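Data block below; observations after.
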Amino acid sequence: MAQLNERPYPPGEYPVVVVGTGPGGLQTSYYLTQLGVNHALLSADEQPAGMFQRFPFFQRLVTWSKPHAPVEKTERRHEWYDWNSLLSDDPSLRGSVIEFMDGTSYFPSRPEMEKGLQAFAERAKIIARYGCRWESTARDGETFVLTTSDGEYRCGTVVFAIGMTQAWKPEIDGIDLVPHYVEMKSAKEFAGKRVFIMGKRNSGFELADGLLPWAKQLILGSPRPAKLSIITHSTSGARARYMQPYEDNALGGGHFVLDAAIERIERTSDGYRVHTSGTTKPGVMVFDVDEVVAGTGFTTPMGDLPALGVKTFYQNRLPAQTPYFQSATVPGVFFAGSVTQGSIGLKKYGIPSNSAAVHGFRYNARVLAHHIAETRHGVKVERPSVDPGRVVSYLLDEATHAPELWNQQSYLARVLNVDRARGITDEGIVPLQHFVDSWGSDAVAITVETDGTGDIHPALYIRRNASTEERMLASNPLNDFSTSEHHGELTSALKPLID
Amino acid sequence: MSEQADVLESFAGMSLFADLAGPQLEAVAHTFDEDFFDQGTRILRRNFAGSGFYVIIEGEAAVQVDGKEIATLSRGDFFGDISALLNELPSADVIATRPLRCAVLAAEDLDGFLHSYPTVAIRMLKSMARRMRTATAWRS
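Read top to bottom, the protein sequences are chains X and U.
With this note's numbering, the residue at position 370 of the first sequence is 376, and numbering never jumps.
With this note's numbering, the residue at position 15 of the second sequence is 799, and numbering never jumps.
In structure tokens:
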């Protein structure tokens with residue numbers, strides 16, 4: 007056991023400082039180390055993955071890790087079946103969360119998730135300075151100066167992996183009277199009570215689902231109708247596993263899911279009075295309830311970053327970012343983890359990326375580490391050559407199996423560069439937005455896309471003479487895009503580029 | 785003032801939503817997503833599928849065809865409407881010429897939204913008619 011005076015990364019000057027040891031910070035640090043980029047990893051917590059000691063409140067995540075997947079956990083393809091483990095090029099480090107799951111669910115419990123991430127950090131030898139809280143940020147020319155509870159850190163590049171985990175409430179009269187999701191009491195304390203839950207996104211439905219065995223009546227209210235993942239084809243919708251309260255509402259079982267603007271909340275002698283106005287069905291509704299909980303979402307603990315010039319949006323809850331997760335307004339400040347949902351990409355069909363969750367942002371972290379290594383620290387990342395005769399089968403295999411393309415649909419792309427002199431090179435996984443708007447030479451990118459009808463298919467982007475053309479390939483009932491029909495389609499589409 | 789109140793108040797000040805009562809306006813403000821685009825970012829891409837209907841809350845944008853600017857847009861203006869309504873690919877690019885904050889609705893959701901809020905549909909129709917009048921002024 008290290009002594010206190012042997013703690014790693016003492017205050018001082020580093021090329022890169024990464025703040026946070028949740029999955030986003032761990033993943034970024036892991037790949038920076040793999041790429042040989044010297045950096046300090048700092049954490050206010052006493053151990054990695056600290057968030058999973060508290061959230062989600064009702065014990066299980068909404069992201070799957072399938073114990074019996076069609077492929078071995080040591081294979082790259084397995085990442086599509088395991089949304090929670092961190093990535094590694096070393097097969098023995100893959101699938102760490104699955105090892106700790108007891109088989110009762112394919113959604114890991116909080117302790118299972120925490121153990122899996124901690125095992126990864128230990129086996130991958132990720133070193134962090136724990137108990138070191140980032141307190142403020144300043145600039146000294148091109149250098150960022152981070153003041154922490156342990157002293158001052160100076161760096162040219164800083165990565166904030168600080169999570170979107172701080173309670174957020176909208177401006178409503180009386181909302182300060184009621185607890186937020188993060189202040190939730192144990193479920194049994196709601197036994198026999200009438201409960202109003204503000205919010206109809208995942209946190210609102212998670213609370214409602216968890217309280218079903220206890221509360222005598224649940225009323226979920228928010229202005230817009232609930233968006234459900236099975237309708238929107240997106241994990242940003244309320245997830246199917248929390249839908250029991252919604253079914254109860256649909257069957258007239260006594261619990262209600264209402265579209266109502268909440269005007270104000272008052273304290274009464276034995277509870278609360280919630281004043282609302284119907285939105286999809288106009289009319290005033292007033293509820294006298296025993297408890298109110300605000301399942302109104304989360305914000306990023308931005309600290310003094312806005313004062314540093316970091317532009318925010320979405321009710322100031324997210325920093326605006328470039329496709330490579332750099333602050334849109336302060337070069338040198340980058341983000342990792344769930345905060346990378348502030349790099350919105352193309353958001354085709356209104357479907358956001360999966361950057362809010364581990365299965366999306368773990369890939370962003372790898373892309374970010376490569377970007378930082380190459381553009382700010384002179385590291386040369388190898389671009390393997392691809393035989394022209396292999397291009398079609400390689401791209402179709404990626405569309406069928408690549409976990410990056412499935413987990414970050416229409417957001418991350420596999421890119422092959424086409425150069426008459428140098429031949430075809432594999433550029434790796436690239437943000438789609440960067441490719442379609444900024445790629446410098448002739449190239450092709452492939453992604454997986456779910457459209458507005460729910461059809462899942464490969465989408466091809468062909469860049470020639472500084473202009474990008476979009477082509478959709480056919481879908482397949484079993485999501486197999488390597489059929490002879492797909493080979494024919496892709497061969498024909500690529501003819502002008504690689505003939 | 786928080787940005788959330790700002791969005792709601794922005795909507796309240798826009799002619800597009802002028803006929804909506806308070807709760808409906810709040811529901812509309814929640815129905816749209818809010819996105820930010822840095823200066824120089826392409827928002828609508830010509831001939832790309834899966835675009836949206838955008839209402840500008842703050843900032844400015846240019847409508848371009850083959851790199852040539854054909855119109856400028858600012859607070860209260862909307863774009864992406866024609867491709868969303870006709871279920872066609874956008875026929876122009878829209879690029880942020882200043883940092884741009886928009887309220888966004890997926891193109892597939894526009895029909896349903898306008899059915900739910902017919903007064904917005906009328907306001908939109910009038911705005912589009914004015915656009916058409918300007919475009920066909922040479923006839924008179």
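Beta carbons are placed, not taken as given, at the ideal position from N, Cα and C, and that holds for glycine.
Since the structure is predicted, the reported quantities are computational estimates derived from the model, not experimental observations.
Reducing DSSP to helix, strand and coil, say where residue i ends up.
| i | result |
| --- | --- |
| Asp-895/U | helix |
| Ile-906/U | helix |
| His-383/X | helix |
| Lys-287/X | coil |
| Trp-86/X | helix |
| Ile-181/X | helix |
| Ile-430/X | strand |
| Trp-412/X | helix |
| Glu-793/U | helix |
| Thr-456/X | strand |
| Tyr-248/X | helix |
| Thr-497/X | helix |
| Asn-871/U | coil |
| Asp-425/X | strand |
| Leu-374/X | helix |
| Met-107/X | coil |
| Glu-787/U | Residue confidence is low: Glu-787/U scores 45 on pLDDT, short of 50, so the model does not pin down where it sits. Its coordinate-derived value is still stated next. Three-state DSSP puts Glu-787/U in a helix. |
| Arg-279/X | strand |
| His-510/X | Only positions 7 to 505 of chain X appear in the structure, and residue 510/X is not among them; the question remains open. |
| Gly-30/X | helix |
| Gln-9/X | Reliability of the predicted coordinates at Gln-9/X is poor, the pLDDT of 48 falling under 50, and the value obtained from them is presented with this limitation in mind. It is coil, neither helix nor strand. |
Label residue i either buried or exposed according to how many other C-beta atoms from any shown protein chain fall within 10 Å of its C-beta, with 16 as the threshold for buried.
| i | result |
| --- | --- |
| Gln-439/X | buried |
| His-74/X | exposed |
| Ser-155/X | exposed |
| Ser-416/X | buried |
| Leu-792/U | buried |
| Glu-495/X | buried |
| Gly-395/X | exposed |
| Ile-357/X | buried |
| His-728/U | Residue 728/U lies beyond the range of chain U shown here (785 to 924); nothing can be said about it. |
| Ser-786/U | Residue confidence is low: Ser-786/U scores 43 on pLDDT, short of 50, so the model does not pin down where it sits. Its coordinate-derived value is still stated next. Counting Cβ neighbours within 10 Å, Ser-786/U comes out exposed, since fewer than 16 surround it. |
| Arg-914/U | exposed |
| Leu-909/U | exposed |
| Ile-430/X | buried |
| Lys-354/X | buried |
| Arg-2/X | Look at the range of chain X in this structure, 7 to 505, and you will see that residue 2/X is not part of it. |
| Ile-840/U | buried |
| Met-758/U | As shown, chain U starts at 785 and ends at 924. That puts residue 758/U outside it, with no answer to give. |
| Ser-94/X | buried |
| Ala-363/X | buried |
| Met-119/X | buried |
By the criterion of Cβ-Cβ separation under 8 angstroms, what are the contact partners of residue i in chain U?
| i | result |
| --- | --- |
| Thr-285/X | Pro-807, Gln-808, Glu-810 and Ala-811 |
| Gly-460/X | Under the 8 angstroms cutoff, chain U gives no residues; its nearest Cβ is about 11 angstroms from Gly-460/X. |
| Asp-457/X | Ala-833 and Gly-834 |
| Ala-267/X | Gly-806, Pro-807, Glu-810 and Ala-811 |
Residue i touches chain B at which residues, Cβ-Cβ below 8 angstroms?
| i | result |
| --- | --- |
| Val-421/X | Among the chains of the structure shown, chain B does not appear; the protein chains present are X and U. |
Residues of chain U with CB closer than 9 angstroms to the CB of residue i, please, in chain order.
| i | result |
| --- | --- |
| Lys-317/X | Phe-820, Asp-822 and Pro-883 |
| Pro-288/X | Ala-805, Pro-807 and Gln-808 |
| Ala-313/X | Chain U residues near Ala-313/X: none, gap ~16 angstroms exceeds 9 angstroms. |
With residue i and residue j assumed to form a contact (beta carbons below 8 angstroms), what rounded beta-carbon distance in angstroms separates them?
| i | j | result |
| --- | --- | --- |
| Arg-83/X | Pro-409/X | 6 angstroms |
| Glu-506/X | Phe-832/U | Only positions 7 to 505 of chain X appear in the structure, and residue 506/X is not among them; the question remains open. |
| Arg-270/X | His-281/X | 5 angstroms |
| Met-249/X | Ala-266/X | Wrong, their Cβ atoms sit about 20 angstroms apart, outside the cutoff. |
| Ser-344/X | Gly-169/X | 6 angstroms |
| Pro-329/X | Phe-341/X | Their Cβ separation, rounded to whole angstroms, is 12 angstroms, which puts Pro-329/X and Phe-341/X out of contact at 8 angstroms. |
| Pro-14/X | Thr-163/X | Incorrect: roughly 19 angstroms between the Cβ atoms, too far for contact. |
| Met-57/X | Gly-28/X | 5 angstroms |
| Tyr-467/X | Phe-441/X | 6 angstroms |
So which residues on chain U does residue i lean against when the C-beta distance must stay under 7 angstroms?
| i | result |
| --- | --- |
| Tyr-320/X | Glu-818 |
| Glu-476/X | Asn-831, Phe-832 and Ala-833 |
Residues of chain X with CB under 7 angstroms from residue i, in chain order?
| i | result |
| --- | --- |
| Thr-903/U | None at all; the shortest Cβ gap to chain X is about 13 angstroms. |
| Thr-815/U | Arg-230 |
Could you list the residues in the stretch 825-855 of chain U with a C-beta less than 8 angstroms from some C-beta on chain X, going in chain order? Thr-825, Arg-826, Arg-829, Asn-831, Phe-832, Ala-833, Gly-834, Ser-835 and Gly-836
Short of 9 angstroms Cβ to Cβ, which residues in the stretch 249-263 of chain X face chain U? none
The stretch 348-372 of chain X: which residues have C-beta closer than 9 angstroms to a C-beta of chain U, in chain order? Within the stretch 348-372 of chain X, those residues whose Cβ lies closer than 9 angstroms to any Cβ of chain U are, in chain order, Gly-348, Ile-350, Leu-352, Lys-353, Lys-354, Tyr-355, Gly-356, Ile-357 and Pro-358.
If you measure beta-carbon to beta-carbon, which residues of the stretch 200-223 of chain X are closer than 8 angstroms to chain U? Of all residues in the stretch 200-223 of chain X, none comes within less than 8 angstroms of chain U when Cβ atoms are compared.
If you measure beta-carbon to beta-carbon, which residues of the stretch 878-899 of chain U are closer than 9 angstroms to chain X? Residues Pro-883, Arg-885, Val-888, Leu-889, Ala-890, Ala-891, Glu-892 and Asp-893.
Chain U contacts from the stretch 322-338 of chain X (Cβ-Cβ distance under 8 angstroms): Asn-322, Ala-326, Thr-328, Ala-334 and Thr-335
Below 9 angstroms between beta carbons is the criterion; list the residues of the stretch 421-446 of chain X that meet it against any residue of chain U, in chain order. The residues in question are Gln-439, Val-442 and Asp-443.
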